[in-house]
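What follows is one structure encoded as structure tokens, with my remarks underneath.
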Amino acid sequence: SLVRTFTPFYFLVEPLDVLSVRGASVIMNCSAHCESPPRIEWRKDGSFLNLVSDDRRQLLPDGSLLINSVVHSKHNKPDEGYYQCVATVDSLGTIVSRTAKLTVAGKALLWECGGKECSALGKAGRCFPRSTSCFHQLRETGTGALILLAGSGHVFCSCKQLNVGYFSGNAGDQQSCNEWIKRSVRYAEEPQSLALLKPPASLTRLPGQSALFPCVAAGSPPPLIRWARKEEELPTDGSGRFQLLPGGVLEIRDVTEADAGTFTCIAESGNDTLEAQAELTVQVPPRFLRRPANIYAHESMDIVFECEVTGKPTPTVKWVKNGDVVIPSDYFKIVKEHNLQVLGLVKSDEGFYQCIAENDVGNAQAGAQLIILDFDVAIPTLPPTSLTSATNDHLAPATAGPLPSAPRDVVATLVSTRFIRLTWRPPASDPQGDNLTYSIFYTKEGINRERVENTSRPGETQVMIQNLMPETVYVFITSRPGETQVMIQNLMPETVYVFRVVAQNRHGPGESSAPLKVATQPEVQLPGPAPNVRAFSGSPTSVTVTWETPLSGNGDIQNYKLYYMEKGQHTEQDVDVAGLAHTVTGLKKFTEYSFRVVAYNKHGPGVSTHDVVVRTLSDVPSAPPQNLTLEVRNSKSILLQWQPPPAGTQSGQITGYKIRYRKVSRKSDVTESVGGTQLSQLIEGLERGTEYSFRVAAMTINGTGPATDWVSAETFESDLDETRVPEVPSSLHVRPLVTSIVVSWTPPENQDVVVRGYAIGYGIGSPHAQTIKVDYKQRYYTIENLDPSSHYVITLKAFNNVGEGIPLYESAVTRPHSVPDPSPMMPPVGVQASILSHDTIRITWADNSLPKNQKITDARFYTVRWKTNIPANTKYKTANATTLSYLVTGLKPNTLYEFSVMVTKGRRSSTWSMTAHGTTFEL
Numbered sequence: 019s020l021v022r023t024f025t026p027f028y029f030l031v032e033p034l035d036v037l038s039v040r041g042a043s044v045i046m047n048c049s050a051h052c053e054s055p056p057r058i059e060w061r062k063d064g065s066f067l068n069l070v071s072d073d074r075r076q077l078l079p080d081g082s083l084l085i086n087s088v089v090h091s092k093h094n095k096p097d098e099g100y101y102q103c104v105a106t107v108d109s110l111g112t113i114v115s116r117t118a119k120l121t122v123a124g125k126a127l128l129w130e131c132g133g134k135e136c137s138a139l140g141k142a143g144r145c146f147p148r149s150t151s152c153f154h155q156l157r158e159t160g161t162g163a164l165i166l167l168a169g170s171g172h173v174f175c176s177c178k179q180l181n182v183g184y185f186s187g188n189a190g191d192q193q194s195c196n197e198w199i200k201r202s203v204r205y206a207e208e209p210q211s212l213a214l215l216k217p218p219a220s221l222t223r224l225p226g227q228s229a230l231f232p233c234v235a236a237g238s239p240p241p242l243i244r245w246a247r248k249e250e251e252l253p254t255d256g257s258g259r260f261q262l263l264p265g266g267v268l269e270i271r272d273v274t275e276a277d278a279g280t281f282t283c284i285a286e287s288g289n290d291t292l293e294a295q296a297e298l299t300v301q302v303p304p305r306f307l308r309r310p311a312n313i314y315a316h317e318s319m320d321i322v323f324e325c326e327v328t329g330k331p332t333p334t335v336k337w338v339k340n341g342d343v344v345i346p347s348d349y350f351k352i353v354k355e356h357n358l359q360v361l362g363l364v365k366s367d368e369g370f371y372q373c374i375a376e377n378d379v380g381n382a383q384a385g386a387q388l389i390i391l392d393f394d395v396a397i398p399t400l401p402p403t404s405l406t407s408a409t410n411d412h413l414a415p416a417t418a419g420p421l422p423s424a425p426r427d428v429v430a431t432l433v434s435t436r437f438i439r440l441t442w443r444p445p446a447s448d449p450q451g452d453n454l455t456y457s458i459f460y461t462k463e464g465i466n467r468e469r470v471e472n473t474s475r476p477g478e479t480q481v482m483i484q485n486l487m488p489e490t491v492y493v494f495i496t497s498r499p500g501e502t503q504v505m506i507q508n509l510m511p512e513t514v515y516v517f518r519v520v521a522q523n524r525h526g527p528g529e530s531s532a533p534l535k536v537a538t539q540p541e542v543q544l545p546g547p548a549p550n551v552r553a554f555s556g557s558p559t560s561v562t563v564t565w566e567t568p569l570s571g572n573g574d575i576q577n578y579k580l581y582y583m584e585k586g587q588h589t590e591q592d593v594d595v596a597g598l599a600h601t602v603t604g605l606k607k608f609t610e611y612s613f614r615v616v617a618y619n620k621h622g623p624g625v626s627t628h629d630v631v632v633r634t635l636s637d638v639p640s641a642p643p644q645n646l647t648l649e650v651r652n653s654k655s656i657l658l659q660w661q662p663p664p665a666g667t668q669s670g671q672i673t674g675y676k677i678r679y680r681k682v683s684r685k686s687d688v689t690e691s692v693g694g695t696q697l698s699q700l701i702e703g704l705e706r707g708t709e710y711s712f713r714v715a716a717m718t719i720n721g722t723g724p725a726t727d728w729v730s731a732e733t734f735e736s737d738l739d740e741t742r743v744p745e746v747p748s749s750l751h752v753r754p755l756v757t758s759i760v761v762s763w764t765p766p767e768n769q770d771v772v773v774r775g776y777a778i779g780y781g782i783g784s785p786h787a788q789t790i791k792v793d794y795k796q797r798y799y800t801i802e803n804l805d806p807s808s809h810y811v812i813t814l815k816a817f818n819n820v821g822e823g824i825p826l827y828e829s830a831v832t833r834p835h836s837v838p839d840p841s842p843m844m845p846p847v848g849v850q851a852s853i854l855s856h857d858t859i860r861i862t863w864a865d866n867s868l869p870k871n872q873k874i875t876d877a878r879f880y881t882v883r884w885k886t887n888i889p890a891n892t893k894y895k896t897a898n899a900t901t902l903s904y905l906v907t908g909l910k911p912n913t914l915y916e917f918s919v920m921v922t923k924g925r926r927s928s929t930w931s932m933t934a935h936g937t938t939f940e941l
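For the sequence shown, the working numbering begins at 19 and goes up steadily by one.
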């Protein structure tokens, strides 16, 4: 049969939030597109509207909703609420629009000012709702216009000119306002100290809106208002988006996300200054960074619909299928924050899935279609992001021919609490099984939803699935001649599962094996994580860790194991602890360590705690600064330059450097200079023609560390000329070797010009490929890491602070290479794991680079590494061996481990061998 194509089904127009008034008419727009005309319905507050018998609300031909004469009163608000458009195409599916809010506002209030009606003008503000207690200020603007301020906005009034005055009262109290206007002239004439009568209040806005911050101040002389943000004064002349309105109001037009932050109002009157701050919060509606994609799949597969959103506040996400909310369950899971995972697909899972994101300021939706194909239809190639690791195999088209018979002798060879090992023999139709892959179908007993795991390549001998997700079933498959087995992990304890196996060749899937019922064992109660793990450093080399007894677990706690590891390292150390605290000593100074605790009872180790990270205390540096160099500047000054102590020896945050210097002729007369954290210092005021010794030590808050060795330099007898570049060096000699060239030279003949150093340029056929600079005292240099049998051109130039002088040129051919490269080591083969007990496994292997008798006669050694995948983040442990076997001890009972080996001889090592698996016996 043919592959069904995805059907375009989406909204052309979605409803938007509407603000209306009582008695008005409202249209909530909606229009959807599909090949078959969709049926449009509307929900209000989650319930479908019955528009057939509704006198005021009706469905328009394009799907929009018309509400005639909006009804709204104190006790009856039938129209206000949340509306959603629902589009359905029978036999295809249903999609839902974003949710739109209908808000019904009250009547506006007009003010009278000086007997004249006053209302909001332009962007200046808005009128106040009735009976709002607020604080107002009328301020003269110089043109006869007065500004009226309040907590909910401001309006402009055209009145006769008045001096500044203030009034506190009710917004609907016109008589009190008029009386206040008459009193304001007298009140303003009285001297008064600076006071903030209406400080700015924090605001929340959306991008594109305007924000108004009032700042009402009183004082004599009249206060001057200015605004600042991030300690910088805002330009409020109106040329940008910030404008200072009369009365000290700051207006921000067309708000952006970058405007969020703290704004400071600064009021100045005479010598007095007052400040007040307010926060501007910018909220952003949800926006999709990744939308769900259409998916083809077969029954029993696992799929993931991806959805990534952003917004402020952080949006919440829900999923709907064909218009109904998806409720998380064992087979419908939310993974990786917002993605929807569907396990074990069945035919009824087909349809349209939508990711709906919502926060305080808006919502948005994006959808995709799931089509489940028949098993004889190959999955078309799509971007592989939508299929899980177990089912992204994209089946190849089948060809006509015989299909495999059923796999034989399917049995459970190992059953534990959370994993089962299945083993079977290849079908009788292909007893070697070289050209077969297998599908393992499984489900909980009584559940119709079946899941599948597939082998990925015909005739594969080993499959390792890495980066496992928690709470997910994974299958490990290995093959031996005439036998194949799988390890199915992370099952539920005390649960009956039904398994069947199907073989597939290039013609398609064959006959299924008979269903096999297997019950997992009851789970042993192990300790839970130890609560309240805390770590603190008591000294530069120690950390004390404390914790409490786990709240869960069956049986008394026998002991604890404390694991710790230096940040950036990969080897974890551990120590056994009997109590609820332990101090780890011998740590590195001022270094971050992670700690975790595992409790043990008679059944074994419990659940590990989360890592706790702590840094050891600082100390004085344990090593001196590096690479101290001196540069004689003139007859009276020397420049010192250095690098910090090595990173592992600083023992804290470097706070400065201590410099000590003296004349070489008078070693007891020492001068000390303390500088900051810069890595250079110019020492001035020295005597001309005198040799000085210098040393530098690093400091932390704990004190001064060891100093460098004394380094000496002599000031010039007279100040040399540094108004021009040095002359050409007087000679240049080269001596080629196989991979290096030794360069030597003599300084310019004219010694009256300052030489700060020499620049050596070199390269194959051109001297401009690489440049090395050396000190002015140096007379030779070895150029390393060159190619054998190659022609190099070399230049030498003297330089000072003015620039570089004229170069000298020389060429040389490196010698040919005579030593062949060593051949790589081959990895060990035939790695096997033999289980000896509940905590011991013997690992054996062969080495094809040894003679046939496998006798080791040289200094080679082998490295064995092992780990378990429970928990998933367990780190490898390693050990070295000089024979072809190693006994691994101290393992956990009833646990699956993986092992691999590599060989090292001298400076050569092989890659890791193929992996072997072994499960320890139960205790």
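Glycine included, C-beta positions come from ideal geometry on N, C-alpha and C.
Treat the numbers as computed from the prediction; the structure is a model and nothing was measured.
Where does residue i sit, in a helix, a strand or coil, going by DSSP?
| i | result |
| --- | --- |
| S784 | coil |
| K95 | coil |
| K795 | coil |
| K365 | helix |
| D427 | strand |
| G419 | coil |
| D687 | coil |
| T667 | helix |
| A830 | strand |
| E286 | strand |
| A532 | coil |
| E275 | helix |
For residue i and residue j, I'd like the C-alpha separation in whole angstroms.
| i | j | result |
| --- | --- | --- |
| Q503 | V395 | 28 Å |
| R633 | Y611 | 6 Å |
| T25 | P398 | 15 Å |
| S560 | A599 | 13 Å |
| V831 | S758 | 10 Å |
| T589 | F917 | 17 Å |
| T603 | S669 | 16 Å |
| S808 | Y880 | 40 Å |
| V650 | Q671 | 30 Å |
| E822 | Q769 | 16 Å |
| G586 | F613 | 14 Å |
| R259 | V273 | 8 Å |
| Q788 | Q661 | 24 Å |
| P96 | Y371 | 31 Å |
| A521 | L440 | 14 Å |
| I243 | C283 | 7 Å |
| I738 | W763 | As written in the sequence, residue 738 is Leu, which differs from the Ile given in the question. Their Cα atoms are separated by approximately 22 Å. |
Answer with buried or exposed for residue i, where buried requires no fewer than 16 other C-beta atoms within 10 angstroms of its C-beta.
| i | result |
| --- | --- |
| L361 | buried |
| L941 | exposed |
| N381 | buried |
| A548 | buried |
| R713 | buried |
| Q576 | exposed |
| Y699 | At residue 699 the sequence reads Gln, which differs from the Tyr that was named. By the 10 Å Cβ count, Q699 comes out buried. |
| F231 | buried |
Could one say the Cβ of residue i lies closer than 9 Å to chain C's Cβ atoms, at least one of them?
| i | result |
| --- | --- |
| L544 | Among the protein chains of the structure shown there is no chain C, as only one such chain exists. |
Measure how close the beta-carbons of residue i and residue j come, nearest whole angstrom, since I'm counting them as under 8 Å.
| i | j | result |
| --- | --- | --- |
| W884 | V849 | Rounded, the Cβ-Cβ distance is 11 Å, inconsistent with contact. |
| K681 | T708 | 6 Å |
Entirely within the stretch 586 to 660 and at least 3 residues each: give me those beta strand (DSSP E) ranges in chain order. 591 to 595, 599 to 602, 610 to 619, 630 to 633, 644 to 650
3-residue-minimum beta strand (DSSP E) runs that sit fully inside the stretch 883 to 911, ordered along the chain: 895 to 899, 903 to 906
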